[in-house]
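Okay, structure first, notes after.
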Amino acid sequence: MRQIFLLVLLFVVGQWFVKALRRAQTQSRPGAQPGQGAQPGQGAQPGQGAARNADGGANGKAALPEPMVRCAECGVHAPRSESVNVGARSFCSSEHARAYDARTTAQDRPAR
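The following block contains the structure:
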């Protein structure tokens, strides 16, 4: 019985601790004021932190995530702007593009 009581007490204290951490975290954010959050049925308003650009400032436009492409050589996903495109294939680096090209051209050659 004592163990069950201790588990319940531990759970209650843990919930209180998590709630206190969340409250402290929302109060420590710059510009966060209690009571100014979104209400049900209210969309995100520009300037209330709904959209942020790369340097963290509100810009009024929704910043879309960059599309990711899969490397044809190793399968790693990389941002499209950082990938190397050869033909219709995308690669995470120029080394993988060369390795893929060398492997496919070696397979296309007739055996001796």
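Numbering-wise (the working numbering), the sequence shown opens with residue 1 and increments by one. Every residue gets a Cβ at the ideal spot worked out from N, C-alpha and C, and that includes glycine.
Inter-residue spacing [alpha-carbon to alpha-carbon] between residue i and residue j
{"i": "Gly49", "j": "Ala63", "result": "Any reading at Gly49 must be qualified, since the residue scores a pLDDT of 48, below 50, and its modelled position is unreliable; no value is offered."}
{"i": "Val86", "j": "Pro65", "result": "23 angstroms"}
{"i": "Val13", "j": "His77", "result": "42 angstroms"}
{"i": "Val18", "j": "Gln3", "result": "22 angstroms"}
{"i": "Trp16", "j": "Met68", "result": "40 angstroms"}
{"i": "Arg22", "j": "Ser28", "result": "10 angstroms"}
{"i": "Arg52", "j": "Ala20", "result": "Note that Arg52 has pLDDT 49, beneath the 50 cutoff, so the model's placement of it is unreliable and no number is given."}
{"i": "Arg80", "j": "His96", "result": "15 angstroms"}
{"i": "Gln25", "j": "Leu9", "result": "24 angstroms"}
{"i": "Thr105", "j": "Ala88", "result": "16 angstroms"}
Residue i, enclosing beta strand (DSSP E) - first and last residue
{"i": "Ser90", "result": "89-91"}
8 angstroms contact criterion, which residue i and residue j should meet: CB distance rounded
{"i": "Ser94", "j": "Ser83", "result": "Not confirmed; about 10 angstroms, so no contact."}
Element boundaries [alpha helix (DSSP H), containing residue i]
{"i": "Val18", "result": "2-28"}
Residues sharing a beta bridge with residue i, DSSP
{"i": "Val69", "result": "Ala78"}
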